[in-house]
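Student: Using our numbering, the first residue of the sequence shown is number 748, and each one after it goes up by one. A virtual CB, placed ideally from N, CA and C, is assigned to each residue, including glycine.
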Amino acid sequence: MANPSAPVRVRKSRFSWNSFIKTLKIMRKSYWLYIMLIPGLAFFILFRYLPMWGILISFQDYNIFRGFSESPWVGLKHFTNFFNSATFATLMINTLLLSFYSIIFAFPAPIILALFLNEIRLKWFKRAIQSAIYVPHFISWVIVASISFMLLNSTGPINGLITTLSGNTASFLTEPRWFRPIIIIQTIWKESGWGTIVFLAALTGVDMEQYEAAIVDGAGRWRQVWHITLPAIRSTIVILLILRMGNVLDNGFDQLFLMSNAGNRVVSDVLDTFTYREGIVNGQFSYTTAIGLFKSVIGMVLILGTNKLAKKAGESGIF
């Protein structure tokens, strides 16, 4: 019988050459997979982890000639200036409204499209539709903006139709009230097809016997979609929604920069365009780095919060 008063010996973990050699042998069997991993690791190290050192300048009055070490430290000065600025409320409202509309309208679009594609039984027709809706993803925002300008300007075909029917013209490109609908429509047209890939992949794992059993029970197409198809991709929807919440303050610079102008600036100026204008054009590196750090912290908080809510709702979450 062990003596309870005897000191407890803590077993220290030691380096084991046998385990190390065993690990090397396992890696050697799949060495091509590890070689393929190198570009991805290099990308994240060079463009994600190393640049994190740059967040220090958000607490400095950074001078490009004096560098990190000699620039004076100012604490939370830039954060305070941003929160107290006259543009803070406008920038936040514009950014959050665009993100809200994107989540409400653009996020469900690939889900709905994937459900429709899943109901197509002719394989050649399904592949043709998939190929057609994937194409816009590979078109740059410059081309998308150019197409929008040609369609929506005062002499474009859409205004021509409006003039024929009502005798009036609409200033789609300069009136603030049209800016957000145009941005959301562009996003849906460009990215919805590409977004269906994830959901169609999730749908391939659905057991076809469930559909057969539902048919035997008298369930129609809509009930099959509601009770079988949607539950099959629910976890995928939740994970993508959690990741999307991390980008609530990121609206995408290219699209908004190309579509904004003096007429719609009151609604088109968001955190991304403001950061470009103040940081790159005006050279306020510390100020805009503080804005970027603020966006990152809010994104992390939203991901953690949404992930916690998803777990409480019975989903697995992302961690």
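#1: Kindly list the residues whose CB is nearer than 8 Å to the CB of Lys873, restricted to its own chain and excluding five residues on each side of it in sequence; keep chain order.
#2: Counting along the chain, where does the alpha helix (DSSP H) carrying Met897 start and finish?
#3: Which residues in the same chain have their Cβ closer than 7 Å to the Cβ of His825, if we skip the five residues on either side of it in sequence?
#4: Exposed or buried, which one is Phe830 when buried takes at least 16 other CB atoms within 10 Å?
#5: Taking the beta carbon of Leu1003 as the centre, do at least 16 other beta carbons fall within 10 Å, making it buried, or is it exposed?
#6: Does the segment 798-817 come within contact of the segment 892-910, defined as at least 3 CB pairs closer than 8 Å?
#7: On the criterion of 16 or more Cβ atoms from any shown chain inside 10 Å, does Ala948 qualify as buried, or is it exposed?
#8: Note down, in chain order, each residue of its chain lying with its Cβ closer than 6 Å to the Cβ of Gly1087, except the 5 sequence neighbours on either side.
#9: Quick check on this structure: which residue in Tyr881, Ile876, Leu996, Leu988 has the alpha carbon closest to the alpha carbon of Ala1057?
#10: Determine contact between the segment 936-955 and the segment 843-862, defined as no fewer than three beta-carbon pairs at a distance below 8 Å.
#11: For Leu803, which option in Asn1054, Leu1040, Gly1030 has the closest C-alpha, if you only look at C-alpha atoms?
#12: Alpha carbon to alpha carbon, how far is Ile931 from Gly999?
#13: In terms of residue numbering, what span does the alpha helix (DSSP H) encompassing Thr834 cover?
#14: Find out if the Cβ-Cβ distance for the pair Thr934, Ser849 is shorter than 8 Å.
#15: Suppose contacts are defined by Cβ-Cβ distances below 8 Å. Is Leu845 in contact with Arg927 by that definition?
#16: Once the 5 residues before and after Asn1054 are set aside, which same chain residues still bring their CB inside 8 Å of it?
#17: Span of the alpha helix (DSSP H) holding Ser913?
#18: Determine the DSSP secondary structure at Gln1031, reduced to helix, strand or coil.
#19: To the nearest angstrom, how far is it from the Cα of Ile886 to the Cα of Ile768?
#20: Would you please state the rounded distance, in angstroms, between the beta carbons of Glu922 and Gly801? I believe it to be under 8 Å.
#21: Who are Trp820's beta bridge partners in DSSP?
#22: Starting from the C-beta of Tyr781, find all residues in its chain whose C-beta is less than 7 Å away, skip the five residues before and the five after it, and write them out in chain order.
#23: Whose CA, out of Thr837, Ser913, Gly903, Gly940, lies closest to the CA of Ser878?
#24: For Ala879, which of helix, strand or coil comes out of DSSP?
#25: At which residues does the alpha helix (DSSP H) containing Gly1064 begin and terminate?
#26: If we count the other Cβ atoms within 10 Å of its Cβ and call it buried at 16 or more, is Tyr1067 buried or exposed?
#27: Buried or exposed: which applies to Thr976, given that a residue is buried once 16 or more other Cβ atoms fall within 10 Å of its Cβ?
#28: For the candidate residues Lys937, Ile905, Ile909, whose alpha-carbon lies nearest to that of His884?
#29: Using the rule of at least 16 other Cβ atoms within 10 Å of the residue's Cβ for burial, across every protein chain shown, is Leu690 buried or exposed?
#30: Give the range of the alpha helix (DSSP H) segment to which Glu938 is assigned.
#31: Compute the distance between the beta-carbons of Val995 and Leu788, then report whether it is under 8 Å.
#32: Within 10 Å of its beta-carbon, does Asp1019 have 16 or more other beta-carbons around it, so buried, or fewer, so exposed?
Tutor: According to the structure data:
#1: Close CB contacts of Lys873 within its chain, under the 8 Å cut and outside five residues either way in sequence, are with Leu864, Ile867 (chain order).
#2: Boundaries of the alpha helix (DSSP H) harbouring Met897: 888-899, taken from the DSSP string.
#3: Cβ neighbours of His825 beyond the five flanking positions: Ser805, Ser1033, Tyr1034, Ala1037.
#4: Around the Cβ of Phe830, a 10 Å sphere holds fewer than 16 other Cβ atoms; the residue is exposed.
#5: By the neighbour-count rule (16 or more Cβ atoms within 10 Å), Leu1003 is buried.
#6: Note that the segment 798-817 does not touch the segment 892-910; fewer than 3 beta-carbon pairs, one per stretch, sit closer than 8 Å.
#7: Ala948 is exposed by the Cβ-count criterion.
#8: In this structure the chain extends from 748 to 1066, so residue 1087 is not present and cannot be described.
#9: Nearest of Tyr881, Ile876, Leu996, Leu988 to Ala1057, Cα basis: Leu988.
#10: Yes, the segment 936-955 is in contact with the segment 843-862.
#11: Taking only the C-alpha atoms, the option nearest Leu803 is Leu1040.
#12: Distance between Ile931 and Gly999, taken at the CA atoms: about 12 Å.
#13: Careful: Thr834 lies outside any alpha helix (DSSP H) and carries neither H nor E.
#14: Contact check for Thr934 against Ser849 passes: the beta carbons are separated by less than 8 Å.
#15: Between Leu845 and Arg927, the gap from beta carbon to beta carbon is short of 8 Å.
#16: Here the set comprises Ile989, Gly1064, Ile1065, Phe1066.
#17: Following the DSSP letters along the chain, one finds Ser913 inside the alpha helix (DSSP H) bounded by residues 904-913.
#18: Looking at Gln1031 - three-state DSSP - the assignment turns out to be coil, as it is neither helix nor strand.
#19: The alpha-carbon separation between Ile886 and Ile768 amounts to approximately 49 Å.
#20: Contact between Glu922 and Gly801 does not hold, since their C-beta atoms are separated by about 39 Å, which reaches or exceeds 8 Å.
#21: Beta-bridge pairing links Trp820 to Gln807.
#22: Only Met774 meet the Cβ criterion.
#23: Check the Cα spacing between Ser878 and each of Thr837, Ser913, Gly903, Gly940: the tightest is with Gly940.
#24: In this structure, Ala879 counts as helix in the three-state DSSP scheme.
#25: For Gly1064, there is no enclosing alpha helix (DSSP H), as DSSP marks it with neither H nor E.
#26: Past the edges of the chain, shown from 748 to 1066, lies residue 1067, and the structure says nothing about it.
#27: Thr976 counts as buried, since at least 16 other C-beta atoms from the protein chains shown sit within 10 angstroms of its C-beta.
#28: For the set Lys937, Ile905, Ile909, the Cα lying nearest the Cα of His884 is the one of Lys937.
#29: Missing from the structure shown is residue 690; the chain here goes from 748 to 1066 and no further.
#30: Boundaries of the alpha helix (DSSP H) around Glu938: 923-950.
#31: Going by C-beta atoms, Val995 is not nearer than 8 Å to Leu788.
#32: The residue is buried, with at least 16 neighbouring Cβ atoms inside 10 Å.
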